[in-house]
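> Sharing a structure with you now.
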Amino acid sequence: MTSKIVKTFVAAAAAASLFTAAQAGNYHDKAAGQDIVDTAINAGSFNTLVQAVQAAGLVETLKGDGPFTVFAPTDAAFAKLPAGTLEALLADKAALAKVLTYHVVPGKVMSADIAGKTLNVASVEGSDIRVNATSGVRVNDASVVQADIVTSNGVIHVIDSVILPN
70 MTSKIVKTFV AAAAAASLFT AAQAGNYHDK AAGQDIVDTA INAGSFNTLV QAVQAAGLVE
130 TLKGDGPFTV FAPTDAAFAK LPAGTLEALL ADKAALAKVL TYHVVPGKVM SADIAGKTLN
190 VASVEGSDIR VNATSGVRVN DASVVQADIV TSNGVIHVID SVILPN
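Throughout, the working numbering is defined as the position within the sequence shown, counted from one, plus 69.
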């Protein structure tokens, strides 16, 4: 079960990271017929996330039935990680899967569901993510730059930073 959840998170994260704020509007209509992974791949701006999902072996999980909510970091978000962090994660499949599944929440959570609230939500990884939707939306220290990209198996919210579990 944990392996399936981890795989699901990675695929979802990969898909989410393919959207930039500028591109996401172009994908809203197209994404609804595609799963999280295909939506991310077709976006073209989440290459690092897709690479990570593939390296962690989570593609098939994130192409599963879901529904999943993925907080997807962009390529620029991955570039903000300290030097050597991404390379170390890519070399350690278990650590990579842990980080990727931390970006995934079971179920389909739309921005309207959390508007005006501050709450902790359990990630697929098992740790809580702090979500503050009282003024914009923050996920831990990351900002949601594009919300509610609906896919056939969930929803993607694009974030500007990679979030790391404790």
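Quick reminder that beta carbons are idealized off the backbone N, C-alpha and C, glycines included.
Are the CB atoms of MET179 and VAL224 nearer to each other than 8 Å?
Against the sequence shown, residue 179 aligns to sequence position 110. Against the sequence shown, residue 224 aligns to sequence position 155. Yes, the pair counts as a contact, with Cβ atoms nearer than the cut-off.
> How about THR138: is its C-beta nearer than 8 Å to some C-beta of chain B?
In the structure shown, chain B does not exist; there is a single protein chain.
> How is the alpha helix (DSSP H) around LEU243 delimited, first residue to last?
The structure shown does not extend to residue 243, since the chain is modelled only from 70 through 235, so no value can be given for it.
> Hey, could you find the ends of the alpha helix (DSSP H) ALA146 is sitting in?
Here residue 146 corresponds to residue number 77 of the sequence shown, with the count starting at 1. Where ALA146 is concerned, the enclosing alpha helix (DSSP H) stretches over 144 to 148.
> So, is ASP107 buried or exposed, given that buried needs 16 or more other C-beta atoms within 10 angstroms?
Taking the first residue of the sequence shown as 1, we reach residue 107 at position 38. Result: buried.
> Ordered along the chain, which non-local residues of its own chain (more than five positions away) have a Cβ less than 7 Å from that of ASN222?
By one-based count along the sequence shown, residue 222 stands at place 153. Result list for ASN222: ASP104, ILE105, GLY133, ASP134, GLY135, PRO136, PHE137, in chain order.
> Identify which residue in GLY195, THR203, THR170, PRO151 has its Cα closest to the Cα of ALA121.
Counting from one through the sequence shown, the residue named residue 121 turns up at place 52. Among GLY195, THR203, THR170, PRO151, the Cα nearest to that of ALA121 is on THR170.
> Here's the rule: buried if 16 or more other CB atoms are within 10 angstroms of the residue's CB, otherwise exposed. What is ALA125?
Along the sequence shown, one-based indexing puts residue 125 at 56. Looking at its Cβ environment, which holds 16 or more other Cβ atoms inside 10 Å, ALA125 is buried.
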